[in-house]
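Reviewing the structure listed below.
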Amino acid sequence: MEAASIQPYSHWKPPHTQVRALDIEITSYVLLIYNLKNDTANGIKVDTVITLQAITALAEQVYTPQFRATLAVTGNEGSVYRFNVDNSNSLVLQMKDVSVFFNVPEELRKPAFALDINILNDSVLGFRLQICFSWLRGNSSTMGYIEITKPTGMETDIGSLNTSSTYGLFKKKEITADQLNLYFDWITNKEMCIDINIDRVSLVAKQKPVPCRISEYYEQSNEVIKMYQSKVLSSSSISDVCGSTNCQ
Numbered sequence: 027m028e029a030a031s032i033q034p035y036s037h038w039k040p041p042h043t044q045v046r047a048l049d050i051e052i053t054s055y056v057l058l059i060y061n062l063k064n065d066t067a068n069g070i071k072v073d074t075v076i077t078l079q080a081i082t083a084l085a086e087q088v089y090t091p092q093f094r095a096t097l098a099v100t101g102n103e104g105s106v107y108r109f110n111v112d113n114s115n116s117l118v119l120q121m122k123d124v125s126v127f128f129n130v131p132e133e134l135r136k137p138a139f140a141l142d143i144n145i146l147n148d149s150v151l152g153f154r155l156q157i158c159f160s161w162l163r164g165n166s167s168t169m170g171y172i173e174i175t176k177p178t179g180m181e182t183d184i185g186s187l188n189t190s191s192t193y194g195l196f197k198k199k200e201i202t203a204d205q206l207n208l209y210f211d212w213i214t215n216k217e218m219c220i221d222i223n224i225d226r227v228s229l230v231a232k233q234k235p236v237p238c239r240i241s242e243y244y245e246q247s248n249e250v251i252k253m254y255q256s257k258v259l260s261s262s263s264i265s266d267v268c269g270s271t272n273c274q
């Protein structure tokens, strides 16, 4: 089968921005419904699973025992690379080596979130972490998600978590060995803040910065990451941390 008989487009042009997971999921549902007609899907799937279902169903409709296609890829400078695909090599990865150079002089698009981090009551015993944030692309985001990585030798005091400045949108928390994860129904374009005590539980000096990440839960590419650290503990010595016990 010639490529022209199954593909009405003469070329493919990549998008300028990363494809949204939501777009992938919606398109995949359309393909799935088209092929399964009145069949119903078993619950909500993540975009990758739905895409695989849709592609599999579509493949059943367009399969042919004899298949032959030629793909031509043209570079910006006019270089043309041709790939011949048929039954014998359709599952074989074909590659061409190319050299690409580009510069990104400034951020390509407006950040999704504003994110400000403040360290309060800083001492060798711990500090209070304040995180303020807001949505920058309209009235509100979809479900919001914050990952707070715990500094080495420190633990979050969950009982001290204050979410009173989140307009009642705080939904739940998850605690792992090295992270505190916070979920919100959505993030507004008005500043929201949370704060929590982070206490030292081990004798660790010269602490390094750790990340705090905010994103949309269903669109992880909409994210902002900032580092934070205790100025006191980052400049502390072993004797500062041990105090009068001399680590004995």
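Taking the numbering used here, the leading residue of the sequence shown gets 27, the next gets one more, and so forth.
For each residue, glycine too, the CB sits at the ideal point set by N, CA and C.
Every value quoted in this text rests on a predicted model; they were computed, and no experiment measured them.
C-beta contact flag for residue i and residue j at 8 Å
i    : j    : result
I196 : L162 : Note that residue 196 corresponds to Phe in the displayed sequence, not to Ile. Result no, Cβ atoms of F196 and L162 do not sit closer than 8 Å.
M286 : I251 : Any answer about residue 286 is impossible in this case: the structure gives the chain only from 27 up to 274.
L141 : Y254 : no
N215 : G170 : no
N188 : I145 : no
M218 : S160 : yes
T178 : L206 : no
T77  : I52  : no
I184 : I172 : no
S149 : V267 : no
Minimum C-alpha distance to residue i - residue among the options
i    : options                 : result
I143 : S116, S263 and I240     : I240
D204 : G164, I174 and L117     : I174
M121 : L97, S114 and E103      : L97
N115 : F93, V99, S105 and V106 : F93
Under the three-state DSSP convention, the category residue i falls into
i    : result
S54  : helix
N64  : Note that N64 scores 44 on pLDDT, short of 50, meaning its location in the model is unreliable; the coordinates nonetheless yield the value given after this. Correct three-state label for N64: coil.
Q92  : coil
L78  : helix
G152 : strand
L259 : helix
S116 : coil
I264 : helix
D204 : coil
Y254 : strand
I70  : In this predicted model, I70 has a pLDDT of only 44, less than 50, meaning its place in the structure is not dependable; the value taken from the coordinates is given anyway. In the structure shown, I70 sits in coil (DSSP, three-state: anything other than H, G, I, E or B).
G101 : coil
G2   : Since the first residue shown for the chain is 27 and the last is 274, residue 2 is missing from the structure and cannot be characterised.
Counterpart residues of residue i in DSSP-defined beta bridges
i    : result
C219 : C158 and S191
G144 : Gly is not the amino acid found at residue 144; the sequence shown has Asn there. Q156.
Y171 : Y209 and S241
Residue i at chain C interface by Cβ criterion, 8 Å
i    : result
T178 : This model lacks chain C altogether; it includes just one protein chain.
Problem - Touching by the beta-carbon criterion (3+ pairs, under 8 Å), the region 241-253 and the region 187-201 - result: The region 241-253, when compared against the region 187-201, does not touch it at the 8 Å Cβ threshold.
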